[in-house]
Amino acid sequence: MIKKSILILLFLTISLNANIVRMRAVEQAPTKQEAIENAHWVIFEQALDKVIGASSYVGNVKTSFKTDMQKDFIEFQKTYFRSPKTKCNNLGEDGFECLVLANLNLEQIKAIVADKSTNTTTMGRNSVQNLEIVLIDEVDNELSKDFISNLQGSINDNGNSLRIEKKGTQLGLKGNKCKNIQRQYEQYKKKGASYKKALIKIEEKLNECKNNKDVKYLFKLTKIEFNTLGKDSYNNINGNLSYRINMIDVQTGKIDNAIRSANIEDFAPNKESLKFKLYQKAANVATREITNNLLKGIRLNSKTKKISKIKKYDYFYTIILSGITYDSTNIDKIRFIKRIIKTYHAKAKRNSNESKDYEQVYNFGTNEEIDTEDLIFDIYEKAKQASYAVQIEDKDNNVIVVKFQ
Numbered sequence: 001m002i003k004k005s006i007l008i009l010l011f012l013t014i015s016l017n018a019n020i021v022r023m024r025a026v027e028q029a030p031t032k033q034e035a036i037e038n039a040h041w042v043i044f045e046q047a048l049d050k051v052i053g054a055s056s057y058v059g060n061v062k063t064s065f066k067t068d069m070q071k072d073f074i075e076f077q078k079t080y081f082r083s084p085k086t087k088c089n090n091l092g093e094d095g096f097e098c099l100v101l102a103n104l105n106l107e108q109i110k111a112i113v114a115d116k117s118t119n120t121t122t123m124g125r126n127s128v129q130n131l132e133i134v135l136i137d138e139v140d141n142e143l144s145k146d147f148i149s150n151l152q153g154s155i156n157d158n159g160n161s162l163r164i165e166k167k168g169t170q171l172g173l174k175g176n177k178c179k180n181i182q183r184q185y186e187q188y189k190k191k192g193a194s195y196k197k198a199l200i201k202i203e204e205k206l207n208e209c210k211n212n213k214d215v216k217y218l219f220k221l222t223k224i225e226f227n228t229l230g231k232d233s234y235n236n237i238n239g240n241l242s243y244r245i246n247m248i249d250v251q252t253g254k255i256d257n258a259i260r261s262a263n264i265e266d267f268a269p270n271k272e273s274l275k276f277k278l279y280q281k282a283a284n285v286a287t288r289e290i291t292n293n294l295l296k297g298i299r300l301n302s303k304t305k306k307i308s309k310i311k312k313y314d315y316f317y318t319i320i321l322s323g324i325t326y327d328s329t330n331i332d333k334i335r336f337i338k339r340i341i342k343t344y345h346a347k348a349k350r351n352s353n354e355s356k357d358y359e360q361v362y363n364f365g366t367n368e369e370i371d372t373e374d375l376i377f378d379i380y381e382k383a384k385q386a387s388y389a390v391q392i393e394d395k396d397n398n399v400i401v402v403k404f405q
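Going by the numbering used here, the first residue of the sequence shown is number 1, and it counts up by one from there.
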């Protein structure tokens, strides 16, 4: 039975690999890009028909795939086509005809068809609505503002919201002043009606502080560049837009490198049209990356009971033991660090999801804020007494890396 399935798949792959598609204009002459996209779609649709068969949801699934292609053709091509080769001929008034020879990723198509049939995916990844996404614009120039404007539209279209914060805004638990503002608010309440205006302003400040305190993940736009790459033979301007967005876990300070730096390319008759197209394409790609990585972080936390247990605390800390394996050879060093943490009335828990072969991650929480500099001095002093040679690095956001020599 297994051999039979493999043979069927092999036959389907070979028959699709041989497809060469010729697109010609009938009513309206297609541009070169339109002819290329149409040629890809014909091949893809043939594969889709064989995968879906006569299912009742064929129409909706096809429409969903077509929308994905129109939103971001480059990403669509990368997802489903292996090593596509395209050759186009200029037919003058008839536009262009294009030949495409391509291998299709049938397993990817099958997997995403299954997801799309339950209306839960875009480009095959789980989506969700009503997320508030927080972004800090560290570039803060005209280019970043225009890009973020398009990004907000794209995120809103997906049922979520994007909140923009200025560079330097305090987010998360570390260093927040909510308790101080709360005390100030209570004091002004006692002073009576004459302080009503001041009380309103303090209440707004308190609400803003509480909202910022509850942020678990944030995103930072750290780079954006626009470049023109000259003109083609049809006098179109070619160009690209590159950007980098980092995802930050405000509890650990860890940067999630899964959000890829993107380099988006396109062409247009003039510079302003080119920018508009690039902004839209880049916003669609960034929306997908941001949403997927945020969901991944949410799922990881919901599954990690050890992390959820320390959420009752007001302050969170992480100590990373670098160059340490989690076995009996290093048990004394691990216990040494855990005993130090205990002196701060806290209990360290190993984070198995974040730990690696030679890097052990321990999280702990407290109700009173710890001066991380004092903690570092304690580790140095007690390591010296225990004859351990250590190097310690303060990574900010309450993250300390301890490397045993």
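All residues carry an ideal CB built from backbone N, CA and C; glycine is no exception.
Remark: C-beta atoms of Asn103 and Ser83 approach each other more closely than 8 Å. According to the DSSP assignment, Gln405 belongs to no alpha helix (DSSP H), since it is labelled neither H nor E. In the assembly as shown, Thr343 is an exposed residue. Its beta-carbon has fewer than 16 other beta-carbons within 10 Å. Per DSSP, Ile324 lies in no alpha helix (DSSP H) and is assigned neither H nor E. The beta carbon of Thr228 sits closer than 8 Å to the beta carbons of Ile237, Asn238, Gly239, Lys271 and Leu274 from its chain, once the five residues preceding and following it are set aside; these are given in chain order. DSSP links Lys275 through a beta bridge to no other residue. Under the three-state reduction of DSSP, Asp394 is assigned to strand. Just measuring C-alpha positions, the residue of Arg339, Tyr358 and Ser355 sitting nearest Leu375 is Arg339.
When DSSP states are grouped into helix, strand and coil, Asn367 belongs to the coil group.
When secondary structure is reduced to three states using DSSP, Val134 falls in the strand class.
No Cβ-Cβ contact shorter than 8 Å links Asn284 with Thr318. In this structure Tyr326 does not touch Ala282 by the C-beta definition: roughly 41 Å separates them, more than the 8 Å allowed.
Within the DSSP secondary-structure output, Leu99 pairs in a beta bridge with Lys87. In this structure, Leu101 keeps its C-beta atom at 8 Å or more from the C-beta atom of Lys78. For Ala383, the uninterrupted alpha helix (DSSP H) segment begins and ends at Thr372 to Gln385. With a 10 Å radius around the Cβ and a threshold of 16 neighbouring Cβ atoms, Ser64 comes out buried. DSSP places Tyr243 inside the beta strand (DSSP E), whose first and last residues are Ile237 to Asp249. In the DSSP assignment, Val399 is bridged to Thr318.
Short of 7 Å from the beta carbon of Asp394, and not among the five residues preceding or following it, lie these beta carbons of its own chain, in chain order: Thr372, Ile376 and Ile400. Sequence-distant partners of Ile392 (beyond 5 residues in either direction) whose C-beta falls short of 8 Å from its own C-beta, in its chain, are Ile376, Ile379, Tyr380, Ile400, Val401, Val402 and Lys403. For Ser161, the enclosing beta strand (DSSP E) stretches over residues Ser161 to Lys166. When secondary structure is reduced to three states using DSSP, Asp266 falls in the strand class.
The Cβ atoms of Phe73 and Glu45 lie no closer than 8 Å to each other.
DSSP, read as helix, strand or coil, puts Glu354 in coil.
In chain order, Leu162 place their CB closer than 6 Å to the CB of Gln152, counting only its own chain and leaving out the 5 sequence neighbours on each side. In its chain, beyond the 5 residues on either side, Ile324 have a beta carbon closer than 7 Å to the beta carbon of Asn330. Residues of the same chain with a CB within less than 7 Å of the CB of Glu93, apart from the 5 flanking positions on each side, are Ala29 in chain order. Ile200 counts as exposed, since fewer than 16 other beta carbons sit within 10 angstroms of its beta carbon.
Distance from the Cα of Ile370 is smallest, within the candidate group Lys382, Phe316, Asp357 and Phe81, for Phe316.
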